[in-house]
Amino acid sequence: MMTSRPAAVAGSFYPAQASELKAVLHQYLDDARPVSETPKAMIAPHAGYIYSGPVAATAYVRLKPVREQIKRVILLGPAHRVTIKGLATVSVESFSTPLGDIPIDRDTIEKISSLPQVIVSDAAHKQEHSLEVHLPFLQTCLEDFKIVPFVVGDASAHEVAELLEILWGGEETLIVISSDLSHFLDYGAAQQRDRITSQHIIQLEYEKLTYEDACGRNPISGLLCLARKQGYGMELIDLRNSGDTAGNKRRVVGYGAYALTLPGIGSRYTWGEGQQLIEIARQSILHGLEHHQALPVETNQYHNHLRYKRATFVTLNQHGQLRGCIGSLEAVRPLASDISENAYAAAFRDPRFSPLSGQEISELDIHISILTPTSPIHFSSEEDLIQQLRPGVDGLVVEDTGRRGTFLPSVWKSLPEKRTFWHELKRKASLPHDHWSPTLKVYRYEAQSFP
């Protein structure tokens, strides 16, 4: 009896030589934008690496901070080769790739073996690429781990969700859903369809997904079903197609990368929580006047929502005029701590203003913004980019030639016209208003604000 499932698509979907495969993976991961948020679960594509590898890497790069923490990966992908009903696991002890063998977590499989939707089918896995293409990424990004693989056939969202809920685990467990998006549309039609699909995914609207939207519709639907039940949020990391990576634009395949984030990342904060944060900001400014540093925050005294790592901005106004604004675009500190640090910096370290004096404290209006993680905007031209902007919703980050600038969503109030908003953002980043180049990158985020 075979004890290891050998690599089936090495040499076609990805390099068969270990040295070449490592070089390709490291290049993709180096090119991906690192972030601090680590997903509990993620969705990533499974096409040949030259097509979908750059998009998959934007999800996998997030595993670097927890490469030693994750010990178990629940891996689900759609069936392309064999028609099956339910979710098919395997009888073998390991999966092989050019980078070595990955052990199967047999104990975990035993836990769900009695579920009626779970079957054992080595045939379903033998030639299936939807799981295999993820294994080298996992081997590169993680240290010592086991996998629990499932090829998903005819299975309902609730059947998949039931299995995932049982296997959810803690910080040691990662869930990976494998799926491409639209297939063989022209470039423009694919972009339009994949944007709509991404909105359904972000909004956890699994009932609206079809097989034409995503070949992994069934495993995706199960994850979204469970996410909605447990109050998690879904974040878009990257959205491109083969016309953006290595193919022509006549017939393309869409690729998306998404992360299921911890409760709090996608949630709204209450008015009371907002007032708590404003008081932290005010106390940090008062503390800074006397001690010349931000107020130290004991995060364990606050509700969980205020302890999650979040990116924030603190804006200070005086008599209706800006008096300081400092923030962070990436979540590196607990929310309460980030507010404290940014409030102190806005009062005393904004290079556009002199440090705040004690006499000005009573004249300050404090405004805080809690940011969602940034996600890239992909565009074919400046006009395409401008058309994608959402007035009043999007905060934007522009990066090019070593320069960077951002506008919070609140800036739309003074710059309501899309083109003007975009041109002024470039000016803020010290770029000419007519600047355009193939290396220009734009990211969007949303914000919940409390005045």
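The sequence shown begins at 780 in our numbering and counts up by one. C-beta atoms are modelled at their ideal positions from N, C-alpha and C, and glycine is treated no differently. These figures come from a predicted structure and were not determined experimentally.
Could you check if residue i is buried or exposed, using at least 16 other CB atoms within 10 Å of its CB as the buried criterion?
i            : result
residue 1172 : exposed
residue 1223 : buried
residue 1050 : exposed
residue 1112 : buried
residue 806  : exposed
residue 1022 : buried
residue 1121 : buried
residue 1231 : Because the chain spans 780 through 1230 in this model, residue 1231 falls outside it and cannot be assessed.
residue 904  : buried
residue 1127 : buried
residue 1182 : exposed
residue 791  : exposed
residue 725  : Within the shown structure, residues of the chain are numbered from 780 to 1230, placing residue 725 beyond reach of any answer.
residue 796  : exposed
residue 862  : exposed
residue 915  : buried
residue 1092 : buried
residue 1205 : buried
residue 1180 : exposed
residue 1043 : Confidence is the limiting factor: at residue 1043 the pLDDT is only 48, short of 50, which leaves the residue's position unreliable, though a coordinate-based value still follows. By the neighbour-count rule (16 or more Cβ atoms within 10 Å), residue 1043 is buried.
residue 1101 : exposed
residue 1058 : exposed
residue 1089 : buried
residue 975  : exposed
residue 1218 : exposed
residue 1152 : buried
residue 911  : buried
residue 968  : exposed
residue 996  : buried
residue 1099 : exposed
residue 1045 : Only weak support is given to the placement of residue 1045: the predicted model assigns it a pLDDT of 49, under 50, and the value that follows is read from those uncertain coordinates. With 16 or more Cβ atoms within 10 Å of its Cβ, residue 1045 is classed as buried.
residue 1020 : buried
If I measure Cβ to Cβ from residue i and keep anything under 6 Å in the same chain, skipping five residues before and after, which residues do I get?
i            : result
residue 850  : 924, 951
residue 1036 : 823, 834, 837, 838, 1016, 1017
residue 811  : 836, 837, 840
residue 853  : 927, 946, 954
residue 1174 : 1187, 1188, 1224, 1226
residue 1281 : Examination of residue 1281 is not possible in this model, given that the chain is present from 780 through 1230 alone.
residue 1038 : 818, 821, 1014, 1016
residue 1069 : none
residue 875  : 783, 785, 786
residue 938  : 896
Just to confirm my understanding: we take residue i, look at its own chain, exclude 5 residues before and 5 after, and list those with CB closer than 7 Å. What are they?
i            : result
residue 868  : 888, 897, 899, 928, 929
residue 983  : 1003, 1006, 1007, 1013
residue 945  : 890, 891
residue 977  : 1015, 1018, 1035
residue 987  : 979
residue 1184 : 1177, 1204, 1207, 1208
residue 1097 : 1139, 1142, 1143
Strictly by DSSP, which residues pair up with residue i?
i            : result
residue 1104 : 1094
residue 1227 : 1149
residue 1179 : 1182
residue 898  : 867
residue 927  : 853
residue 1019 : 1034
residue 1040 : 1012
residue 876  : 879
residue 1241 : There is no way to answer for residue 1241, as the model of the chain reaches only from 780 to 1230.
residue 784  : 874
residue 1221 : 1177
residue 793  : 789
Looking only at its own chain, which residues have a Cβ that is under 8 Å from the Cβ of residue i, when we skip the five neighbours before and after it?
i            : result
residue 817  : 841, 842, 844, 845
residue 1085 : 1052, 1055, 1056, 1078, 1113, 1114, 1115
residue 873  : 782, 783, 784, 880, 881, 882, 883
residue 963  : 1030, 1031, 1032
Please decide whether residue i counts as near chain D, where near means a Cβ-Cβ distance under 8 Å.
i            : result
residue 1033 : No chain D appears in this structure, which consists of one protein chain only.
When you compare the stretch 1071 to 1088 with the stretch 1210 to 1224, are there three or more beta-carbon pairs, one atom per stretch, that lie closer than 8 Å? no
Where are the alpha helix (DSSP H) runs, 4 residues long or more, that stay fully inside the stretch 1152 to 1177, in chain order? 1161 to 1167
Whole runs of the beta strand (DSSP E) within the stretch 809 to 860, excluding any shorter than 3 residues: 820 to 823, 851 to 857
Using 8 Å as the threshold, is the stretch 1195 to 1202 in touch with the stretch 1133 to 1141, meaning 3 or more CB pairs across them? no
Contained beta strand (DSSP E) runs [length at least 3] in the stretch 933 to 1003, N- to C-terminal order: 952 to 957, 962 to 964
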